[in-house]
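K.L.:
Dumping the structure here so I can ask a few things about it.
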DNA sequence: CACAATTCCCCACTACTCCCCAAAATAAGG
DNA sequence: CCTTATTTTGGGGAGTAGTGGGGAATTGTG
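Protein chains in written order, with the numbering used here: chain A, 322 to 466; chain B, 322 to 466.
Laid out in structure tokens, this is it:
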């Protein structure tokens, strides 16, 4: 499980280091490979390969000949891109994903349980402000059994 | 499993390169051979030979004497064409398939689990727009257990 | 049998990706 | 506080991937 936040930089080639503290939580089965895709909000989702394969397993159970299922498969896979850590523990982020998340020089790396999220720090700040409710109020609502 | 999208070009002879990242996921049993046919939507489906053989196995299970089954078998096989990668990792796409998918110069190559899809980029864009629902909504609907 | 059209094999150019080396910065330990 | 180890950042260069086209071989047609 990933947790914590880190502010790192994206270099001129579009590479981002995966923080050592997050790397510790990546299982060996992932083989240093990560799958990136667009998040449902304006960020990039990064899954270790083994976690991503669980998503693909679910997709395989769908009937691709059903119009709705087929479309969902295409939507989610369209932006999926995989890459392996280089010898300096970095991954190369496709330009299209960086644009989607409006990430330029600075990147906010967020540990989010089974995945890692990449944000433009300012976009994340805005995102937090969007809801008028406080942390306490949201907690009370979401964490009620 | 294939994933990701790539925008490549079709040359004057109707050849398309298979992206290296997709080639990695083709098993050795496929023998560099691919079977192409029309997709159920306006695209071209490209299967590695070993995957295609599983589809043929399914077709064999159908009852060819049932009018509907027979028709489906004829429709899918009518447009099936196989080809082997050339030394530059390209396959030659029959003109009839290119016309069905309205592909001219540019082609959008989509990794879609067990198959690869070829689209006219504009047709794909239209296809995504067709449903008013957002990615988030479809995800919630389809992935609900 | 000759011609036309298509397919296939080869070579070549360009651009990008990946791998390696290395400096700077941060953390850890005595 | 200083030394050592690890982590993050940066960039050069070899190799690979994508694109385009010439010409031989094959196929089909008149």
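Even glycine gets a Cβ: it sits at the ideal position worked out from N, Cα and C.
Pull up the CB-CB distance for residue 429 of chain B and residue 328 of chain B, whole angstroms please, since I reckon it's below 8 Å.
P.N.:
Here residue 429 of chain B refers to the residue found at position 108 when the second chain is read from its first residue. Here residue 328 of chain B refers to the residue found at position 7 when the second chain is read from its first residue. At roughly 6 Å, the Cβ-Cβ gap stays under 8 Å, so residue 429 of chain B and residue 328 of chain B are in contact.
K.L.:
Could you tell me whether the Cβ atoms of residue 412 of chain A and residue 418 of chain A are closer together than 8 Å?
P.N.:
Along the first chain, one-based indexing puts residue 412 of chain A at 91. Along the first chain, one-based indexing puts residue 418 of chain A at 97. Against a cut-off of 8 Å, the Cβ pair of residue 418 of chain A and residue 412 of chain A comes out as no contact.
K.L.:
Shorter than 8 Å from the beta carbon of residue 425 of chain B to some beta carbon of chain A?
P.N.:
For this step, residue 425 of chain B is matched to residue 104 along the second chain. Closer than 8 Å: no.
K.L.:
Hey, residue 439 of chain B and residue 359 of chain B: beta-carbon distance below 8 Å or not?
P.N.:
Residue 439 of chain B sits at position 118 when you count from the first residue of the second chain. Residue 359 of chain B sits at position 38 when you count from the first residue of the second chain. No, they are not a contact pair.
K.L.:
Starting from residue 366 of chain A, follow its DSSP beta bridges and name the residues at the other end.
P.N.:
If you number the first chain from 1, residue 366 of chain A lands on position 45. The partner list for residue 366 of chain A (beta bridge, DSSP) reads A/358, A/438.
K.L.:
What does residue 337 of chain B pair with, by DSSP beta-bridge criteria?
P.N.:
Residue numbering aside, residue 337 of chain B sits at position 16 when the second chain is read from its first letter. Residue 337 of chain B pairs with B/412.
K.L.:
Excluding sequence positions up to five away, which residues of its chain have a Cβ less than 6 Å from the Cβ of residue 442 of chain A?
P.N.:
In the first chain, the residue the question calls residue 442 of chain A occupies position 121. Excluding residues within five positions, the ones whose Cβ falls inside 6 Å are 427, 429.
K.L.:
In whole angstroms, what is the alpha-carbon distance linking residue 399 of chain B and residue 357 of chain B?
P.N.:
For the purposes of this step, residue 399 of chain B is identified with residue 78 of the second chain, where counting begins at 1. For the purposes of this step, residue 357 of chain B is identified with residue 36 of the second chain, where counting begins at 1. About 11 Å.
K.L.:
For residue 463 of chain A, which three-state DSSP category applies?
P.N.:
Residue mapping note: residue 463 of chain A aligns to position 142 of the first chain, counting from 1. Three-state result, residue 463 of chain A: helix.
K.L.:
Can you pull the DSSP bridge partners for residue 326 of chain B?
P.N.:
Working through the second chain from its first residue, we reach residue 326 of chain B at position 5. Paired residues: B/431.
K.L.:
Please confirm whether residue 395 of chain A has its beta-carbon closer than 8 Å to some beta-carbon of chain B.
P.N.:
If you number the first chain from 1, residue 395 of chain A lands on position 74. Yes, its Cβ sits closer than 8 Å to a Cβ of chain B.
K.L.:
If you follow the beta strand (DSSP E) that residue 390 of chain B is part of, which residue opens it and which one closes it?
P.N.:
By one-based count along the second chain, residue 390 of chain B stands at place 69. That residue, residue 390 of chain B, is in no beta strand (DSSP E); its alpha helix (DSSP H) goes 388-399.
K.L.:
In whole angstroms, what separates the C-alpha of residue 387 of chain A from that of residue 401 of chain A?
P.N.:
On the first chain, position 66 is the one that residue 387 of chain A refers to. On the first chain, position 80 is the one that residue 401 of chain A refers to. Approximately 21 Å between the Cα atoms of the pair.
K.L.:
Tell me, which residues are paired with residue 452 of chain B by DSSP?
P.N.:
Numbered from 1 along the second chain, position 131 holds the residue referred to as residue 452 of chain B. According to DSSP, residue 452 of chain B bridges with nothing at all.
K.L.:
On the three-state DSSP scale, how would you describe residue 403 of chain B?
P.N.:
By one-based count along the second chain, residue 403 of chain B stands at place 82. Looking at residue 403 of chain B - three-state DSSP - the assignment turns out to be strand.
K.L.:
Just to make sure I have the definition right: I need the residues of chain B whose C-beta is within less than 7 Å of the C-beta of residue 401 of chain A. Which are they?
P.N.:
Against the first chain, residue 401 of chain A aligns to sequence position 80. Those are 324, 325, listed as they occur along chain B.
K.L.:
In angstroms, rounded to a whole number, what distance separates the CA positions of residue 371 of chain B and residue 348 of chain B?
P.N.:
Position 50 of the second chain holds residue 371 of chain B. Position 27 of the second chain holds residue 348 of chain B. Cα-Cα distance, rounded: 8 Å.
K.L.:
For chain A, is any of its Cβ atoms less than 8 Å away from the one on residue 464 of chain B?
P.N.:
Residue mapping note: residue 464 of chain B aligns to position 143 of the second chain, counting from 1. Judged by the 8 Å Cβ criterion, residue 464 of chain B is in contact with chain A.
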